[in-house]
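Numbering (this note's numbering), first residue to last: 2 to 100.
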Amino acid sequence: MISRFKKLAAGKAALFVTHNVDNARIADRVIVLAGGRVAESGTFEELLDSGGALAELCKLSQGRRQAPFAAGEAGPHQDGEAGASLQQPRFPRDRTGRL
2 MISRFKKLAA
12 GKAALFVTHN
22 VDNARIADRV
32 IVLAGGRVAE
42 SGTFEELLDS
52 GGALAELCKL
62 SQGRRQAPFA
72 AGEAGPHQDG
82 EAGASLQQPR
92 FPRDRTGRL
């Protein structure tokens, strides 16, 4: 899918929406949304280095791939509450506590 997207988008402005953190690596610019608002934006490497929301999502994603699943427990690509016990990343909030 990624290679096809790259071919179709070559030389054009294109928007690629994904929940898969690994797919964000191909982007020239990454925009992380939280609560319908921009939480952070920049290159993938800039956002990783900043230690913000994308970096936290990468850590969670990496942990899911490395953590073995107990018998009967849903894995990340199965039906169920996979990763429900993982802590949600903390997104920056304004003075009122809104995202």
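C-beta: ideal position from N, C-alpha, C; glycine also.
Check	Outcome
Exposure label - Gly53; buried when at least 16 CB within 10 Å	buried
Terminal residues of the alpha helix (DSSP H) in which Leu34 lies	Unbroken run through Leu34 is the beta strand (DSSP E), Val31 to Ala35; no alpha helix (DSSP H).
Endpoints, the beta strand (DSSP E) within which Arg38 is located	Arg38 to Gly43
CA-to-CA distance, Leu48 to Ala56, given in whole angstroms	7 Å
Coil, strand or helix - Val22 by DSSP	helix
Nonlocal neighbours in the same chain, by C-beta distance under 8 Å from Ala25, ignoring five residues either side	Thr19, Val31, Phe45 and Leu55
Chain-order list of residues whose beta-carbon lies under 8 Å from that of Ser51 (same chain, five-residue window excluded)	Glu41 and Gly43
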